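Number 530 in our numbering belongs to position 517 of the sequence shown; there are no gaps in the numbering.
Using N, Cα and C, we set each Cβ at its ideal position, and we do this for glycine too.
Keep in mind that this is a model prediction, so the values were computed, not measured.
Here is the structure we will look at.
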Amino acid sequence: MLLVTKFVAFLRFHIPIQRTFDSPESRVLFPNHPDTCPITHYPKHWDPKATPYPHARRYSNSSDVFHNTPSKESKETQQFVTRQQALAKDYLSKYSHREFLHETLTKTWNYAMITCPFLDPDGYFYFYFKTGPKSQSILYRVKKGEEEEAYRRNTDPKQPVGELFLDPNLFSIDGTAELTFAASSGTGTYVAYAVSGSGDDSTIYVRRTDSPHTKSAADGGKRGEDLGRMKDTIKNVKSSKIEWMNNDSGFFYSRFPDPLSKAAGPGANHQGKVEGGAGKNTKADLNHMASILDPENPSYSWEPAVSDDGNYLIVTSGRRADDSNRVWVADLNSQPLSSEMKWHKVVNEFGNQYSFVTNDDSLLYFLTNKDAPKCKVVTYDLSKPQEGFKDLLREDPNAVLEGFYPINNNLAILGYSQDAKSVTYLHELQSGKRIKQIGEDLIGSVDGVSGRRNHNEFFIQMTSLLSPATIYRYRFNSEEDRSPTRVEFRRTPISGWNPDDFVSKQVFYESKDGTKVPMFIVHRKDFKQDGTAPEFQYGYGGFGLSLSPFFAAPYLCFIAHYGGVFAVPNIRGGGEYGEGWHLAGSLEKKQNGLDDFQYATKYLIANRYVAPDKVTIMGGRVGGLLVAACVNQAPELYGAAIAEAGVFDMLRFQRFKIGRDWVSEYGNPDDPEAFDYLIKYSPLHNINPAAHYPALLLITADRDNQAVPSHSFKYAAAVQHALPMNKQPCLLRVEMNAAHGDEENIEMEINTMVDQSFDLAQLMLSFGTSQLMIIFGLGKADAKPWLWLRGCSALALFYLIFSSGPVQSDTHLCLWLGSADTQLASWPRTGSKLSISWARNGKKLRNDWYKAENQPHQD
14 MLLVTKFVAF
24 LRFHIPIQRT
34 FDSPESRVLF
44 PNHPDTCPIT
54 HYPKHWDPKA
64 TPYPHARRYS
74 NSSDVFHNTP
84 SKESKETQQF
94 VTRQQALAKD
104 YLSKYSHREF
114 LHETLTKTWN
124 YAMITCPFLD
134 PDGYFYFYFK
144 TGPKSQSILY
154 RVKKGEEEEA
164 YRRNTDPKQP
174 VGELFLDPNL
184 FSIDGTAELT
194 FAASSGTGTY
204 VAYAVSGSGD
214 DSTIYVRRTD
224 SPHTKSAADG
234 GKRGEDLGRM
244 KDTIKNVKSS
254 KIEWMNNDSG
264 FFYSRFPDPL
274 SKAAGPGANH
284 QGKVEGGAGK
294 NTKADLNHMA
304 SILDPENPSY
314 SWEPAVSDDG
324 NYLIVTSGRR
334 ADDSNRVWVA
344 DLNSQPLSSE
354 MKWHKVVNEF
364 GNQYSFVTND
374 DSLLYFLTNK
384 DAPKCKVVTY
394 DLSKPQEGFK
404 DLLREDPNAV
414 LEGFYPINNN
424 LAILGYSQDA
434 KSVTYLHELQ
444 SGKRIKQIGE
454 DLIGSVDGVS
464 GRRNHNEFFI
474 QMTSLLSPAT
484 IYRYRFNSEE
494 DRSPTRVEFR
504 RTPISGWNPD
514 DFVSKQVFYE
524 SKDGTKVPMF
534 IVHRKDFKQD
544 GTAPEFQYGY
554 GGFGLSLSPF
564 FAAPYLCFIA
574 HYGGVFAVPN
584 IRGGGEYGEG
594 WHLAGSLEKK
604 QNGLDDFQYA
614 TKYLIANRYV
624 APDKVTIMGG
634 RVGGLLVAAC
644 VNQAPELYGA
654 AIAEAGVFDM
664 LRFQRFKIGR
674 DWVSEYGNPD
684 DPEAFDYLIK
694 YSPLHNINPA
704 AHYPALLLIT
714 ADRDNQAVPS
724 HSFKYAAAVQ
734 HALPMNKQPC
744 LLRVEMNAAH
754 GDEENIEMEI
764 NTMVDQSFDL
774 AQLMLSFGTS
784 QLMIIFGLGK
794 ADAKPWLWLR
804 GCSALALFYL
814 IFSSGPVQSD
824 THLCLWLGSA
834 DTQLASWPRT
844 GSKLSISWAR
854 NGKKLRNDWY
864 KAENQPHQD
């Protein structure tokens with residue numbers, strides 16, 4: 014993550030690196046730092062007359078004017094992509110020193126990262142460990158009693174950390190296969206785990222815990238070969254959890270049917286035995302049962318849970334239209350597994366969210382937002398269904414309940430988010446009584462909690478804006494103990510970093526409608542608030558996801574050496590204040606989130622934190638939409654942007670892949686009412702040909718099955734058509750054989766970042782500017798921005814821009830990092846309908862339902 018500083022030192026622009034760290038350790042940031050490292054080539058400034066854009070066919074009689082390629086195999090689409098790639102490559106790829114930068118990036122990851130240990134019934138603590146250039150985190154284990162020594166050793170990346178159990182780097186020949194989830198059986202004899210490769214659906218494997226990998230990839234293990242796992246597999250698992258029965262007799266899972274299957278419902282064709290040593294163990298295909306129980310809704314998603322005592326199977330079913338779910342419960346002791354099982358339909362109507370936590374015999378505990386936007390804890394007694402749900406712990410008016418972790422038999426750890434910061438309390442489980450706050454001196458985000466109800470200890474992993482993960486161990490002396498002792502179990506060491514050199518703060522600013530919005534700000538301790546500093550501003554604001562404090566070494570590096578500011582506004586649409594905050598920035602109220610983001614920038618400028626022409630905004634997927642819409646609405650407010658996995662066509666997003674699942678967040682464009690508010694901010698439909706636009710570099714992945722690349726393709730074509738003579742270019746780059754949120758092999762990622770860093774450096778060199786539009790991709794829904802490796806190359810860009818002498822305020826660059834399904838657009842099939850809003854002189858006249866027929870193609 015220190016690549017930015019080294020990259021800037023290597024490029025050696027017009028000003029010297031300003032070091033903040035004078036300790037010997039800090040010099041690891043600047044090995045071989047040259048006094049002079051000349052730029053070997055300066056490309057010419059962008060000349061729109063000399064460099065015309067590749068042609069993209071348009072359909073003037075359609076509201077979707079770039080719908081000319083209905084499939085990624087289309088020759089026309091391939092030609093469009095090839096020409097755009099060539100344009101970007103010819104202009105950008107004129108730089109040397111690849112080897113030096115590659116070495117620098119490789120060294121960036123050479124420190125140890127480790128998760129909370131989790132004690133399994135087999136007597137081992139399991140944990141994930143990652144360091145250096147290894148592609149993915151490796152699952153290790155140590156015997157109970159040896160964990161403290163193992164965690165002390167792993168502060169040195171070269172030291173072993175225990176016994177290797179599972180190395181995801183061996184799952185495939187090229188190292189790109191990813192471990193998506195894993196679960197051990199009740200006795201600890203087996204572990205079932207899911208593997209995904211290149212963005213494909215997952216496959217579940219089973220192995221005995223006494224059959225670990227013998228070698229890691231680093232120790233010479235053979236890629237693509239795993240003799241320890243059982244032969245039977247479960248394919249086409251999209252996203253699920255594995256829940257074992259307590260006696261190891263089998264596990265529950267949820268999956269989709271085989272792609273070529275003619276089965277009537279999801280999973281209906283797949284039910285069998287776990288072979289290769291598990292004997293009579295049977296696996297229960299949840300969607301097989303669901304397709305029989307609910308044949309009218311085969312598309313519903315189902316997720317299993319088994320109660321702590323193993324007596325009950327609890328399944329939740331969800332639908333694409335919203336985030337609510339139903340809850341069904343089956344008694345596993347009184348009946349065999351079959352499609353004829355009797356179910357307690359505890360919640361049989363959609364409308365609210367329920368999450369099962371634990372049980373005491375027939376008494377079930379749930380987290381829910383029913384009549385509680387900030388969530389509460391309720392109970393339901395299966396033996397007294399007529400009593401319904403009872404409140405155990407009511408909603409806190411000042412904090413959002415995010416986690417509920419039973420521990421020490423009759424206690425529970427409750428994790429809250431208060432003003433986007435984590436707060437943790439100890440409660441009695443059965444009464445709900447609050448005992449005390451724990452870790453009140455710890456300010457930041459709880460990134461992990463491990464422990465089981467029958468354990469007398471638990472681990473909490475904390476992260477802050479100024480320090481990476483620190484793991485704390487809490488231990489109870491007895492079941493009656495209400496004051497667990499705390500010790501610092503493990504602190505992540507990073508040479509050269511001193512948190513005391515920085516300041517982090519939280520401010521509250523007023524948005525357009527007067528709403529108070531929180532924002533985190535980080536800067537150097539000796540920062541001068543004089544309105545001259547550059548800034549990174551990151552935003553998301555969607556799907557109720559909260560942005561809590563996180564550690565990001567590249568940003569601190571930028572702050573340390575360039576006196577910059579890093580800002581994270583917690584805009585509406587997120588979950589920082591519960592479902593009410595989410596709803597205030599979604600559907601017809603999406604503009605609130607856009608206003609919040611713009612007013613965050615205005616606050617920073619007005620209070621002289623940052624310079625107006627040095628504001629770089631970032632986001633991904635929802636953040637890509639956020640940034641593009643804000644640039645359309647206030648292009649003069651920002652200096653720069655890069656976008657990955659963005660969603661730009663808000664009138665057709667529901668027609669591509671999982672886009673139909675997003676209608677609960679954005680609204681359905683096929684609904685005239687939703688169409689009316691979507692078209693007002695849809696980035697693709699609000700490009701202003703009379704405005705001065707930033708330069709745009711749009712990056713997408715050809716296999717992204719979430720934010721499909723057609724968003725990127727159409728946006729690039731639309732901007733190029735609307736602004737052919739813009740002083741800054743709009744460039745498109747497509748990452749091949751990549752998908753949304755892929756955890757690539759680190760070596761592949763480094764090579765990609767080297768390319769991107771060179772490309773972007775060249776673009777900035779040619780502009781001689783301080784302005785770049787940046788939007789990062791979020792990847793998985795629960796991913797966090799400090800984990801995005803590509804963010805480092807964007808940071809390298811930012812350093813280049815804002816350290817390169819006099820600023821030219823009229824130049825910009827925008828990188829749109831998009832996603833995969835390489836359609837330029839997709840016009841409705843014959844017979845489908847499209848809602849079109851007719852307007853004249855800015856006044857809406859009417860909505861029509863337009864039936865698509867075979868439309869003539871014209872340029």
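Compute the Euclidean distance between the alpha carbons of residue i and residue j, then round it to the nearest angstrom.
i: Y378; j: G445; result: 11 Å
i: D674; j: D335; result: 8 Å
i: G576; j: I630; result: 17 Å
i: N739; j: Y706; result: 7 Å
i: P562; j: S320; result: 33 Å
i: Y164; j: Y139; result: 12 Å
i: D374; j: Y393; result: 11 Å
i: L828; j: R504; result: Confidence at L828 is low in this model, with a pLDDT of 29, below 50, so the placement of that residue should be treated as unreliable; the coordinate-derived value is given next. Cα to Cα, the separation comes out at about 36 Å.
i: Y266; j: F131; result: 22 Å
i: T144; j: N699; result: 45 Å
i: Y679; j: G672; result: 10 Å
i: E161; j: T90; result: 56 Å
i: A318; j: S197; result: 14 Å
i: L395; j: E686; result: 42 Å
i: V628; j: Y438; result: 38 Å
i: F556; j: G598; result: 9 Å
Go ahead and pull the three-state DSSP assignment for residue i.
i: A101; result: helix
i: A729; result: helix
i: R803; result: The predicted position of R803 is uncertain, since its pLDDT is 35 and thus under 50; no value can be drawn from it.
i: I451; result: strand
i: H734; result: helix
i: Q31; result: Here Q31 scores only 31 on pLDDT, less than 50, and its place in the model should not be relied on; the value that follows carries that caveat. Q31: coil per DSSP, three-state reduction.
i: T49; result: Unreliable placement is indicated for T49, whose pLDDT of 28 sits below 50; no coordinate value is reported for it.
i: N467; result: coil
i: H68; result: coil
i: K627; result: helix
i: S314; result: strand
i: G285; result: Only weak support exists for where G285 lies, its pLDDT of 26 falling under 50; the coordinates are left without a value.
i: I572; result: helix
i: E748; result: strand
i: P134; result: coil
Starting from the C-beta of residue i, find all residues in its chain whose C-beta is less than 6 Å away, skip the five residues before and the five after it, and write them out in chain order.
i: Y690; result: E601
i: S36; result: Caution is warranted here: a pLDDT of 28 is assigned to S36, below 50, making its placement in the model unreliable, and the coordinate value is therefore given only provisionally. Excluding residues within five positions, none has a Cβ falling inside 6 Å.
i: V462; result: Y418, I473
i: V640; result: I630, G632, A654, I788
i: P386; result: G591, E592, G593
Let me check understanding here. Comparing Cα to Cα, which of the options lies closest to residue i?
i: S477; options: K235, E159, D514, S458; result: S458
i: P134; options: N260, R71, F93, L152; result: N260
i: A412; options: Y485, E592, A482; result: E592
i: L405; options: V174, D460, L442; result: L442
i: Q542; options: Y551, F564, V516; result: V516
i: L569; options: Y651, K538, P225, G632; result: K538
i: R236; options: S524, T200, P181, G428; result: P181
i: V747; options: A101, P67, R339; result: A101
i: F178; options: R242, I186, A125, S209; result: R242
i: S347; options: L240, Q719, W356; result: W356
i: I426; options: K434, E415, D432; result: E415
Quick test of your reading: residue i and residue j, contact by CB under 8 Å. State the CB separation rounded to the nearest angstrom.
i: N511; j: R466; result: Rounded, the Cβ-Cβ distance is 40 Å, inconsistent with contact.
i: G659; j: G552; result: That pair is no contact at about 13 Å.
Could you name the residues of the same chain whose beta carbon sits closer than 7 Å to that of residue i, not counting the 5 residues immediately before and after it, in chain order?
i: I618; result: P625
i: W594; result: R585, G587, G588
Once you ignore the five residues that flank residue i on each side, which residues in its own chain have a CB closer than 8 Å to its CB?
i: K157; result: L132, G136, Y137, F138
i: F564; result: T476, S477, L478, L479, S480, P481, A482, W799
Check whether the Cβ of residue i lies closer than 9 Å to any Cβ atom in chain D.
i: L650; result: Among the chains of the structure shown, chain D does not appear; only one protein chain is present.
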